[in-house]
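To keep things clear, I will list the structure first and then write my remarks on it.
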Amino acid sequence: MTTSLSWLRAEIQERILNKLEPIKLSPKRILLEPDFSGLNRRAFIRRFPGAQIDSIADSQIQGATPFRIKLQQALSRILPNSGRLLNQGIPADASYDLILSNLSLQSRSNPGAWLANCHQHLTEGGLISFAYLGPDTGKELRNANLEAGHLQALPGALDMHDIGDALVQNRYSDPVMDMEYLYLEYETEEALYKDGLALGLISPDAQL
706 MTTSLSWLRA
716 EIQERILNKL
726 EPIKLSPKRI
736 LLEPDFSGLN
746 RRAFIRRFPG
756 AQIDSIADSQ
766 IQGATPFRIK
776 LQQALSRILP
786 NSGRLLNQGI
796 PADASYDLIL
806 SNLSLQSRSN
816 PGAWLANCHQ
826 HLTEGGLISF
836 AYLGPDTGKE
846 LRNANLEAGH
856 LQALPGALDM
866 HDIGDALVQN
876 RYSDPVMDME
886 YLYLEYETEE
896 ALYKDGLALG
906 LISPDAQL
């Protein structure tokens with residue numbers, strides 16, 4: 706993971722936590738989807754010290770490596786509030802009071818199916834909170850010196866109104882959506898290229 710993407714994920718995670726502050730929550734079971742090398746787990750242990758925290762291995766998400774998977778498994782054993790590291794998705798019998806997702810929805814070919822699955826695993830009165838990259842992500846890449854056909858659309862980077870409609874269709878009550886712009890500045894095209902690859906915005910066979 707590049708330094709800029711590590712910062713982006715940490716920044717968005719902090720914003721998710723800030724948005725949860727006004728909400729009265731005492732969740733007993735939390736699902737993090739995914740947990741990037743233990744980063745999310747540590748923050749949510751501090752925020753919800755009494756909760757059991759399960760996490761989806763980011764092997765389910767783009768860019769996983771065997772080392773990162775092993776690191777996640779080790780962290781799940783030694784950190785307090787140790788829940789399960791779920792390598793095969795959410796177990797059929799699992800239920801959660803709070804489901805949180807940081808930058809994974811845009812990589813999914815069917816966001817509605819993911820939302821439906823999460824709804825099945827929420828307890829009555831449970832909450833889902835997620836952040837994803839929208840359709841404007843990487844629009845500056847169109848001005849980069851890339852060959853035609855090497856730019857890729859993120860399959861789940863839908864307009865927030867479409868995601869809001871999907872939430873209603875999947876029986877979520879009182880959905881609230883908002884949009885924020887974050888701008889990353891790069892000193893070199895190579896750094897931008899690496900992040901574009903990591904996020905799935907650039908085809909692996911693209912050349913600068």
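Going left to right, the sequence shown walks through residues 706 to 913 as my numbering numbers them. For every residue, glycine included, the Cβ atom is placed at its ideal position computed from N, Cα and C. Small disclaimer: the values here were computed from a predicted structure and weren't measured.
Local Cβ density within 10 Å of residue i, reported as buried at 16 or more and exposed below that
i: Q767; result: For Q767, the pLDDT reaches just 43, beneath the cut-off of 50, and the residue's location in the model is therefore unreliable, although a value from the coordinates is still provided. With fewer than 16 Cβ atoms within 10 Å of its Cβ, Q767 is classed as exposed.
i: P796; result: exposed
i: S711; result: exposed
Delimiting residues of the alpha helix (DSSP H) encompassing residue i
i: N807; result: Here N807 belongs to no alpha helix (DSSP H); instead the beta strand (DSSP E) covers Y801 to N807.
i: A862; result: Per DSSP, A862 belongs to no alpha helix (DSSP H) and is neither H nor E.
i: G901; result: E894 to L904
For residue i, the first and last residue of its enclosing beta strand (DSSP E)
i: T828; result: L827 to A836
i: Q757; result: Q757 to I761
i: I735; result: R734 to E738
Residue i in three-state terms, based on DSSP
i: S711; result: helix
i: G869; result: helix
i: G817; result: helix
i: L722; result: helix
i: R789; result: strand
i: I728; result: coil
i: I907; result: strand
i: S878; result: coil
i: A748; result: helix
i: H855; result: coil
Cα-Cα separation between residue i and residue j, rounded to whole angstroms
i: A896; j: D841; result: 19 Å
i: L911; j: P754; result: A small fix is needed here, since residue 911 is Ala in this sequence, not Leu. Whole-angstrom Cα-Cα distance: 45 Å.
i: E667; j: E726; result: Here the chain has residues from 706 to 913 only, and residue 667 is not among them.
i: L827; j: H866; result: 22 Å
i: A799; j: Q825; result: 9 Å
Neighbourhood of residue i by C-beta distance below 7 Å, restricted to the same chain and skipping five residues each side
i: I758; result: I735, L737, R746, F749, I750, N786 and G788
i: N807; result: R714, I717, Q718, I721, N745 and A836
Cut-off 8 Å between Cβ atoms - residues of its own chain near residue i, not counting five sequence neighbours on either side
i: R752; result: L722 and L725
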